Amino acid sequence: MPVSEDRQKFVYDFTEGNKDLKDLLGGKGANLAEMTNLGLPVPPGFTITTEACKVYLEGGEEPPSMRDEVSAHLAALEERMGKKLGQADDPLLVSVRSGAKFSMPGMMDTVLNIGLSDESVAGLAAQAGDERFAWDSYRRLIQMFGKTVLGVDGDLFEEALEEAKRAKGVTTDVDLAAQDLKALVERFKGIVAKETGRDFPQAPREQMDLAIRAVFDSWNGDRAKLYRRQERIPGDLGTAVNICSMVFGNLGPDSGTGVAFTRDPASGHQGVYGDYLQNAQGEDVVAGIRNTMPLAELERIDKASYDQLMQIMETLETHYKDLCDIEFTIERGKLWMLQTRVGKRTAGAAFRIATQLVDQGLIDEAEALQRVTGAQLAQLMFPRFDERAGGKGGPELLGRGIAASPGAAVGRAVFDSYTAVKWSRSGEKVILIRRETNPDDLDGMIASEGILTSRGGKTSHAAVVARGMGKTCVCGAEELEVDTKQRKMTAPGGVVIQEGDVVSIDGSTGKVYLGEVPVVPSPVVEYFEGRMHAGADDADELVQAVHRMMAYADRMRRLRVRANADNAEDALRARRFGAQGIGLCRTEHMFLGERRELVERLILADTDTEREEALSALLPLQKADFVELFEAMDGLPVTVRLLDPPLHEFLPDITELSVRVALAEAREDANENDLRLLQAVHKLHEQNPMLGLRGVRLGLVIPGLFAMQVRAIAEAAAERKNAKGDPRAEIMIPLVGTVQELEIVREEAERVIAEVEAATGTGLKLPLGTMIELPRAALTADQIAEAAEFFSFGTNDLTQTVWGFSRDDVEASFFTAYLEKGIFGVSPFETIDKDGVGSLVRAAAKAGRATRPDLKLGVCGEHGGDPESVHFFHEVGLDYVSCSPFRVPVARLEAGRAAALNGKGGSDSR
Numbered sequence: 021m022p023v024s025e026d027r028q029k030f031v032y033d034f035t036e037g038n039k040d041l042k043d044l045l046g047g048k049g050a051n052l053a054e055m056t057n058l059g060l061p062v063p064p065g066f067t068i069t070t071e072a073c074k075v076y077l078e079g080g081e082e083p084p085s086m087r088d089e090v091s092a093h094l095a096a097l098e099e100r101m102g103k104k105l106g107q108a109d110d111p112l113l114v115s116v117r118s119g120a121k122f123s124m125p126g127m128m129d130t131v132l133n134i135g136l137s138d139e140s141v142a143g144l145a146a147q148a149g150d151e152r153f154a155w156d157s158y159r160r161l162i163q164m165f166g167k168t169v170l171g172v173d174g175d176l177f178e179e180a181l182e183e184a185k186r187a188k189g190v191t192t193d194v195d196l197a198a199q200d201l202k203a204l205v206e207r208f209k210g211i212v213a214k215e216t217g218r219d220f221p222q223a224p225r226e227q228m229d230l231a232i233r234a235v236f237d238s239w240n241g242d243r244a245k246l247y248r249r250q251e252r253i254p255g256d257l258g259t260a261v262n263i264c265s266m267v268f269g270n271l272g273p274d275s276g277t278g279v280a281f282t283r284d285p286a287s288g289h290q291g292v293y294g295d296y297l298q299n300a301q302g303e304d305v306v307a308g309i310r311n312t313m314p315l316a317e318l319e320r321i322d323k324a325s326y327d328q329l330m331q332i333m334e335t336l337e338t339h340y341k342d343l344c345d346i347e348f349t350i351e352r353g354k355l356w357m358l359q360t361r362v363g364k365r366t367a368g369a370a371f372r373i374a375t376q377l378v379d380q381g382l383i384d385e386a387e388a389l390q391r392v393t394g395a396q397l398a399q400l401m402f403p404r405f406d407e408r409a410g411g412k413g414g415p416e417l418l419g420r421g422i423a424a425s426p427g428a429a430v431g432r433a434v435f436d437s438y439t440a441v442k443w444s445r446s447g448e449k450v451i452l453i454r455r456e457t458n459p460d461d462l463d464g465m466i467a468s469e470g471i472l473t474s475r476g477g478k479t480s481h482a483a484v485v486a487r488g489m490g491k492t493c494v495c496g497a498e499e500l501e502v503d504t505k506q507r508k509m510t511a512p513g514g515v516v517i518q519e520g521d522v523v524s525i526d527g528s529t530g531k532v533y534l535g536e537v538p539v540v541p542s543p544v545v546e547y548f549e550g551r552m553h554a555g556a557d558d559a560d561e562l563v564q565a566v567h568r569m570m571a572y573a574d575r576m577r578r579l580r581v582r583a584n585a586d587n588a589e590d591a592l593r594a595r596r597f598g599a600q601g602i603g604l605c606r607t608e609h610m611f612l613g614e615r616r617e618l619v620e621r622l623i624l625a626d627t628d629t630e631r632e633e634a635l636s637a638l639l640p641l642q643k644a645d646f647v648e649l650f651e652a653m654d655g656l657p658v659t660v661r662l663l664d665p666p667l668h669e670f671l672p673d674i675t676e677l678s679v680r681v682a683l684a685e686a687r688e689d690a691n692e693n694d695l696r697l698l699q700a701v702h703k704l705h706e707q708n709p710m711l712g713l714r715g716v717r718l719g720l721v722i723p724g725l726f727a728m729q730v731r732a733i734a735e736a737a738a739e740r741k742n743a744k745g746d747p748r749a750e751i752m753i754p755l756v757g758t759v760q761e762l763e764i765v766r767e768e769a770e771r772v773i774a775e776v777e778a779a780t781g782t783g784l785k786l787p788l789g790t791m792i793e794l795p796r797a798a799l800t801a802d803q804i805a806e807a808a809e810f811f812s813f814g815t816n817d818l819t820q821t822v823w824g825f826s827r828d829d830v831e832a833s834f835f836t837a838y839l840e841k842g843i844f845g846v847s848p849f850e851t852i853d854k855d856g857v858g859s860l861v862r863a864a865a866k867a868g869r870a871t872r873p874d875l876k877l878g879v880c881g882e883h884g885g886d887p888e889s890v891h892f893f894h895e896v897g898l899d900y901v902s903c904s905p906f907r908v909p910v911a912r913l914e915a916g917r918a919a920a921l922n923g924k925g926g927s928d929s930r
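Under the numbering used here, the residues of the sequence shown are numbered 21 to 930, in order.
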């Protein structure tokens, strides 16, 4: 739908906005306005809104009124600064920076020093009293503008810069003199002319207008779209553009630029964290091109600026009530704030910081739950490296860098993103090794298990993006020499790691190993297993934070959380992890192994007697399984699904069996049982088994099958009850499409239950319900509810039948293309398709309860453990979700977060 621009305001001065206008001004613009309102030292400027970007992206042109608004705000800025954009004798210079609602570090475009030209560079030199600084600023403009606005290959500029340093015999750009940089400017201008067929633009306003359009266009750049898919950021938000008067960190040793965090984004610990670079501009820090110094060093270099920065950091954290990420520049001893945002953090830091802020009284428990996610909890449950590794006889320690993003990552060394993606798609686990990463490396970073760089610090591109994605990352491993062209890395002592060699990186310690390091269970998993107690004196600090957050979630949540478990061992683990019952026990898993032969006998039975003998042999085995399960979950509900998959799944593979029979016949040694099996396999063969003879259809077509299973459940429940147990079994009939199917099976089940009650003298309460996994079942839920005491939504099959997908086929064939083209933001098998499958769940829940107000509603597909899906199930009023045992804590946390949200926005560090 086109964006209306009638009397719409497209440009806001920094004095006009606030932090709550992120949708309109983007995160950067809203926070610059907020800092301005707080009276902090922010260079004057203005923001072009995301609405202007949407108009541009829809029609290919800026809104007609936007140019006049920009001109008016530029004139006001010029008047305030006392100089004009690009003025020859004293130029006003500005930066043009992107800024979407959600932080997308390095994914969109920024251009600094707009307004410099052949004419104004001399004026800048005169005003600054520093010719080298002026030419350095000009070469930076041409380099950034050429790459981001004019589309020139950035390597061409880098190669020219390297040549200039080699010719001078120096290793860093700060060692180049004014005349060297002046010559480099001419070289850069020549590159622009050759590559674009036009001269570098000299008109300041043309530079600014072209840069604004480039920022708008960068919203739909490949790396931005890839990042949005990875982080699940909507593609229709657009980006704002921030025009900010330039302040310079490259004016000499009394100037510099840095990035600071109000707490450690890797651990959550309070203290002074960040990086600082003397005589540099902002991109030098984030790019990791030069190794930074710790922020604490600034106290020694410029104590006044350091003290002021510490005060501002405290002000911002108290104001935002969260970890803040800050970019600043010092220009000749004067501190300027260029950006702040709620900082990205690791999973462990998120849990620690949330509990710290509660203890400080800055936030309450409900808000604390919005500061952590189920995905972060899942990350904390992954194994970590055995700390004893690296000793004598263990993997060789190659070196150590900065622990930028925790985790234990093992993979084959690769030295470029293309190889990382290629090898990953072939099933190889890889570690991406670079000198430093840039936004073009994003697809390789996503494909890798972890990232290792030899340059950069905790605020470099690699560190920030890795933390946001939950990827293991070690940065600034200076002792490791990375040669991307030769595809090798050299460690101290001359050890050479070639592409394809296995390396291990520990993002918690910064250690890098040659070979595969063994892993041990995470302390968080040990806590959930009951082997580590949060209240113990030696309890892990992270475990204590997780324990508190889980307690908050359990107090808040309305949704109950069950587990999908088919045996006592899984059930007991689920119970330890906090499951409040079993939402799906798949009885087909009880027919595998040695019992498969009994199922074969059932399938091959030619007479009622043979069939009854086979069922009688299965009955005590099924009963014993259920006795174990009911004992493990004593006092909690256990939903048992009657046999669902097609019977051919219990028979040998048709090709394998055909070959066996043919070979036997060739030897004149035919096996009668194999011949009968082959006939049965052919008879049961279906073109589309998923939609064939399975579920309730089996119970209706094969006499006695469901009755045997119901009897086993009822007898097991009676045995547990007579043993003073508290069995709470629920019987679920799968794949029902019409109420008549359910009524027939229900009538038979009630008869069997009554027989068991009479035989054992035990009263049994065994609710009967159904899985809703067909569109017709969802659409006739009001009728089905007449015969069902509960619904459990089987969202795996419901997704297949709604979309017309065969999951096993489509995920391997075209899902990747659908994700890349933006048809899916995420696979509908991972996160519930709210508009399609979700609307059926919502409608069925409403219709079912209209018929039967006390109808119990749950979900037993793996969506039950997906964080985003759990919020949806809370919203539509389900009673419980059920998922695999390992995901139970994630579901508990997300159920609490969903209840606590209640319309509150919370703090979002995306």
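For glycine and all other residues, C-beta sits at the position ideal for the given N, C-alpha and C.
This one's a predicted model, so the numbers in the text were calculated from it and none came from an experiment.
- Contact between Leu913 and Met569 holds, since their C-beta atoms are separated by about 7 Å, short of 8 Å.
- Around the C-beta of Asn691, fewer than 16 other C-beta atoms lie within 10 Å, and the residue is accordingly described as exposed.
- The region 473–486 makes no contact with the region 354–362: fewer than 3 CB pairs, one atom from each, lie closer than 8 Å.
- The residue from Leu818, Tyr572, Val205 and Leu788 with its alpha-carbon nearest to that of Ala807 is Leu788.
- Spatial neighbours of Arg731 in its own chain (CB-CB distance under 6 Å, excluding positions within 5 residues in sequence) are listed in chain order as Val772.
- In the DSSP annotation of this structure, Phe220 is not part of any alpha helix (DSSP H), being labelled neither H nor E.
- The beta-carbon separation of Leu612 and Met728, rounded to 17 Å, does not stay under the 8 Å limit for a contact.
- Thr35 is the residue among Asp436, Thr35, Lys42 and Gly47 whose C-alpha sits nearest the C-alpha of Ala53.
- Taking C-beta separations shorter than 6 Å and ignoring five residues to either side along the sequence, the partners of Ala154 in its chain run Val141, Leu144 and Ala145, following chain order.
- If you look at Lys876, you'll find it in the beta strand (DSSP E) that goes Lys876 to Val879.
- Nearest C-alpha to Leu257 among Arg714, Pro665, Met124 and Ala280: Met124.
- By the CB criterion at 8 Å, Gly46 and Leu97 fall outside the cutoff.
- Separation of the CB atoms of Gly598 and Arg582 is rounded to 10 Å, and the pair is thereby denied contact status at 8 Å.
- Separation of Leu618 and Arg714 (C-alpha to C-alpha, rounded to the nearest whole angstrom) is 18 Å.
- The criterion of a C-beta distance shorter than 8 Å is not satisfied by Met489 and Leu500.
- Collapsing the DSSP output to three states places Ala919 in a helix.
- Note on the region 831–905: whole alpha helix (DSSP H) runs with a minimum of 4 residues are 835–840, 857–871 and 887–895, in chain order.
- DSSP, reduced to helix, strand and coil, places Arg283 within a strand of the structure shown.
- DSSP places Asp560 outside both helix and strand once states are collapsed to three, so it counts as coil.
- Taking each of Arg404, Asn299, Pro84 and Val522 in turn and checking the Cα distance to Leu418, the smallest one comes out for Val522.
- A direct Cα-to-Cα measurement between Phe646 and Phe548 gives close to 25 Å.
- Straight through space, the alpha carbons of Arg207 and Lys188 are spaced by roughly 15 Å.
- With fewer than 16 other CB atoms across the displayed protein chains lying within 10 angstroms of its CB, Thr836 is exposed.
- Per DSSP, Gln600 lies in no alpha helix (DSSP H) and is assigned neither H nor E.
- With fewer than 16 neighbouring CB atoms inside 10 Å of its own CB, Tyr438 falls in the exposed class.
- With contacts defined by Cβ atoms closer than 8 Å, Gly276 and Tyr296 form a contacting pair.
- With 16 or more other Cβ atoms from the protein chains shown falling within 10 Å of its own Cβ, Thr800 counts as buried.
- Residue pairing for Lys508: DSSP places it in a beta bridge opposite Asp503 and Gln518.
- Inter-segment contact for the region 773–783 and the region 811–818 is absent: fewer than three beta-carbon pairs are separated by less than 8 Å.
- Taking Leu170 as the centre and dropping the five residues before and after it, the same chain places the C-beta of Val212 and Thr216 closer than 7 Å to its C-beta, in chain order.
- Annotation for Glu498: no beta strand (DSSP E) segment contains it, and DSSP assigns it neither H nor E.
- The DSSP assignment places complete alpha helix (DSSP H) segments of no fewer than 4 residues inside the region 623–694 at 628–652 and 674–686, in order along the chain.
- Under the 10 Å beta carbon count, Pro111 is surrounded by 16 or more other beta carbons and is classified as buried.
- Contact between the region 381–395 and the region 447–460 is absent: fewer than 3 CB-CB pairs across the two stretches fall below 8 Å.
- In the DSSP assignment, the residues bridged to Glu347 are Val279 and Gln359.
- Here DSSP, grouped into helix, strand and coil, assigns Val116 to strand.
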